[in-house]
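Asker:
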Amino acid sequence: MRIGFLGTGIMGAPMARHLADAGHEVAAWNRTREKAEGLGARVADSPAEAVDGAEVVVTMLTDGGVVEDVIGQAAPRDTTWWQASTVGIAATERLALLAQRQGLAYVDGPVLGTKGPAEQGQLVVLAAGPADAVDRCAPLFDAVGSRTMRLGEAGEATRLKLVLNHWVLAVTGALAETIALAEGLDVDPRLFLDGIEGGALDIGYAKLKGPGMIEGELPVAFPLGLALKDLDLVLEAAERHELHPALAPALRTRYARAAEDGLGDADMGMVVEAVRRASAR
Ligand SMILES: NC(=O)c1ccc[n+]([C@@H]2O[C@H](COP(=O)([O-])OP(=O)(O)OC[C@H]3O[C@@H](n4cnc5c(N)ncnc54)[C@H](OP(=O)(O)O)[C@@H]3O)[C@@H](O)[C@H]2O)c1
134 MRIGFLGTGI
144 MGAPMARHLA
154 DAGHEVAAWN
164 RTREKAEGLG
174 ARVADSPAEA
184 VDGAEVVVTM
194 LTDGGVVEDV
204 IGQAAPRDTT
214 WWQASTVGIA
224 ATERLALLAQ
234 RQGLAYVDGP
244 VLGTKGPAEQ
254 GQLVVLAAGP
264 ADAVDRCAPL
274 FDAVGSRTMR
284 LGEAGEATRL
294 KLVLNHWVLA
304 VTGALAETIA
314 LAEGLDVDPR
324 LFLDGIEGGA
334 LDIGYAKLKG
344 PGMIEGELPV
354 AFPLGLALKD
364 LDLVLEAAER
374 HELHPALAPA
384 LRTRYARAAE
394 DGLGDADMGM
404 VVEAVRRASA
414 R
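In my numbering, the protein residues as written are 134 to 414.
1. In this structure, how does DSSP classify residue 421 when only helix, strand and coil are distinguished?
2. Which of the three DSSP states is assigned to residue 305 in this structure?
3. Go to residue 403, then tell me how far its beta strand (DSSP E) extends in each direction, as first and last residue.
4. Taking residue 393 as the reference, which of 377, 410, 170, 380 has the closest Cα?
5. Is the beta carbon of residue 313 less than 7 Å from the beta carbon of residue 152?
6. Can you tell me which of the three DSSP states residue 412 falls into?
7. What number of angstroms, rounded off, separates the C-alpha of residue 303 from the C-alpha of residue 159?
8. Near residue 358, which residues of its chain fall below 8 Å by C-beta distance, leaving aside the five closest residues on each side in sequence?
9. Classify residue 241 as buried or exposed, calling it buried when 16 or more other Cβ atoms lie within 10 Å of its own Cβ.
10. Where does residue 400 land, buried or exposed, given buried means 16+ other C-beta within 10 angstroms?
11. Just to check, is the beta-carbon of residue 199 closer than 6 Å to a non-hydrogen atom of ligand 1?
12. For residue 178, does the three-state DSSP call read helix, strand or coil?
Take a look at the structure:
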């Protein structure tokens, strides 16, 4: 299939590469051009050039505002749009409306999994929208993911994505608080990881992120600034549905403080620094 791919950052680059590897004809555009090079895709000079003649347009950009801006520049018509970025409920509604006006079949398709799974083609795709449009995108989902969860109307995938990201952000936050608590109590935090090893409360994620959080050295898989964006999307969703979560606002305080301290581009696990600094004040 001819694919116009917009946004080849941490997630978009490996996704575009997998699509090209699967034999699709991919034209990729990225604001920082170099990141679109070497992926097996033709590098486009503009969003409009990337989507010209595309059977499916894919967006994998920072947030709803950026997606609106870039898709506005691309101005695709009468095709299928797989919107894979995490944009939240309000932006999904706006984008679906915009799609309708431009004759685009809108597939609300955020992905679960971070840099490693994206590079291994092991993402979980959450796909919602008109069945025929989701069907058209199925070969693309198979190229980037190990599993597709087919949901109902556009919006459903985004709501599930917020639920899943709340879990990820809460687990990361709990790890950060627990590591900092151990340090504050003069307990070696590695003993906490040893203590949960093999038991019902052990989780792979603690092993994956914990040691790096303790050492303060984590390769960037999910930038902390995007984690903060997603917490804001969770809070926006909660307000809309008249929910009153206690954890999400507390988590937001920590992630926001870490971002203010200049850790926005660091991995989200570095939220542990905000917890450490709060105790040191
Ligand atoms: N990283 C993860 O673990 C993960 C997992 C699942 C979903 N997501 C979601 O996937 C999306 C992309 O995340 P990512 O991790 O790939 O982030 P990223 O590496 O920061 O990529 C962001 C992309 O958006 C582009 N961009 C940002 N501002 C722009 C602007 N004003 N105009 C045009 N392009 C702009 C960037 O271009 P430049 O390269 O020029 O900056 C880049 O292509 C986000 O919605 C994120 O929440 C991320």
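Yeah, the Cβ is synthetic: ideal placement off N, Cα and C, and Gly gets one too.
Small disclaimer: the values here were computed from a predicted structure and weren't measured.
Answerer: Reading it off the structure:
1. Residue 421 is absent from the structure shown; the chain starts at 134 and stops at 414.
2. Secondary structure of residue 305 (DSSP, three-state): helix.
3. No beta strand (DSSP E) contains residue 403, which DSSP labels as neither H nor E.
4. Nearest C-alpha to residue 393: 410.
5. Contact flag unset, no.
6. Secondary structure at residue 412: helix, using DSSP grouped into helix, strand and coil.
7. Taking the straight line from one Cα to the other gives about 36 Å.
8. So the list reads 392, 397, 398, once near-sequence residues are dropped.
9. Residue 241 sits buried, since 16 or more C-beta atoms from the chains shown fall within 10 Å of its C-beta.
10. Residue environment analysis places residue 400 among the buried positions, since at least 16 neighbouring C-beta atoms fall within 10 angstroms of its C-beta.
11. Residue 199 Cβ: within cutoff of ligand 1.
12. Of the three classes helix, strand and coil, the one that applies to residue 178 here is coil, per DSSP.
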